[in-house]
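For reference, each letter of the sequence shown is one residue, going 238 to 432 in our numbering.
Don't be surprised by glycine CBs; every beta carbon is placed ideally from N, CA and C.
Below is one structure; the comments refer to it alone.
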Amino acid sequence: MSVTITPLATIIAAAGQWSPGGTTYNSSGDSSGTTTQDTYVHTQSVDAKYNRVNQYNYSASTPFTTPSIVQSFLEISYTVQSNDEIIYNANFGGDLVSLQVLELVADASSGFGTQGAVNTSAMGVIRRAARKDANGIILDPTGVCVQTGTINLDVSPGTFNGDYDTSANVNGILGQLINNLPNTCSTFSPTLVDL
238 MSVTITPLAT IIAAAGQWSP GGTTYNSSGD SSGTTTQDTY VHTQSVDAKY
288 NRVNQYNYSA STPFTTPSIV QSFLEISYTV QSNDEIIYNA NFGGDLVSLQ
338 VLELVADASS GFGTQGAVNT SAMGVIRRAA RKDANGIILD PTGVCVQTGT
388 INLDVSPGTF NGDYDTSANV NGILGQLINN LPNTCSTFSP TLVDL
């Protein structure tokens, strides 16, 4: 089996799609880095492996005929992680948003192919001043969420056809996966993923 490692940004650029960039700073917190404040930090990642699965119609088979393939789909097994913490009395030079970057490792030169993995090559990060109510109580969530799950995506009728498995389809299918992850880890932010 040959393996091709292609950054998703390359696939998406080849498909003529927009990629939102990398890191930005703003001044909603202390931009000088000299003021001590309570700081909220969020990090997130997702890693997945997948196989192309054929679903057969066994009711149409006999001892002399093989069952027909009704549909094929990607069975994606993933591990998602989000970490939310408060760093008390910290000095940082401004707020930070760093987008999560994904990398596709597939047995095809473009698209998903029949098996592969989606890895986080750069974690998504948000760092900003902690939100507080009128009494000074911090409102931001804290905690670690690590969950695993399986989802079926890219369902198509009949046998898998590689002609329809192109780089132009990768972004939409990964978007479906990413948009489901807040159901598993509630603080996971799909908008922090560079698709």
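Residue i burial status per 10 Å Cβ neighbour count (16 or more: buried)
i	result
Phe349	buried
Asp400	exposed
Gln292	exposed
Phe425	buried
Ser346	exposed
Val313	The amino acid at residue 313 is misidentified as Val; the sequence shows Ile. Ile313 is buried by the Cβ-count criterion.
Tyr277	buried
Arg364	buried
Phe397	buried
Gln413	exposed
Ser423	exposed
Ile415	buried
Thr357	buried
Thr295	According to the sequence displayed, residue 295 carries Tyr and not Thr. Exposed: under 16 other Cβ atoms inside 10 Å.
Tyr325	exposed
Gly353	buried
Beta-bridge partners of residue i, as assigned by DSSP
i	result
Asp321	His279, Gly380
Ala354	Lys286, Val342
Tyr293	Ile306
Ser314	Lys286, Thr387
Ala327	Gln274
Ile375	Lys369
Val392	Answer by DSSP bridge pairing: none, since Val392 is not bridged.
Thr299	Thr302
Residues of its chain near residue i, where Cβ-Cβ distance is below 6 Å and the 5 sequence neighbours each way are ignored
i	result
Asn263	Residue placement at Asn263 is flagged as unreliable, the pLDDT there being 47, under the threshold of 50; the coordinate-derived value follows with that caveat. Correct list, in chain order: Asp332.
Ala327	Thr276
Cys382	Ser319, Cys422
Own chain partners of residue i with C-beta closer than 7 Å, once the 5 adjacent residues on each side are dropped
i	result
Asn406	Gly348
Asp370	Leu376
Val290	Ser309, Phe310, Glu312
Gln281	Gln318, Ser319, Gln337, Met360, Gly361, Phe425, Ser426, Leu429
Asp402	Ala345, Gly348, Phe349, Gly350
Thr322	Reading the sequence as shown, one finds Glu at residue 322 and not Thr. Correct list, in chain order: Val278, Thr379.
Residue i: first and last residue of the uninterrupted alpha helix (DSSP H) it sits in
i	result
Val334	Per DSSP, Val334 belongs to no alpha helix (DSSP H); it is in the beta strand (DSSP E), 332 to 335.
Ile415	404 to 417
Terminal residues of the beta strand (DSSP E) in which residue i lies
i	result
Ile363	361 to 366
Contacts around residue i, its chain only, beta-carbon distance under 8 Å, and the 5 residues preceding and following it disregarded
i	result
Arg368	Tyr277, Ile375, Leu376, Asp377
Gly395	Ile306, Val307, Gln308, Ser309
Thr316	Val283, Asp284, Ala285, Val383, Gln384, Thr385
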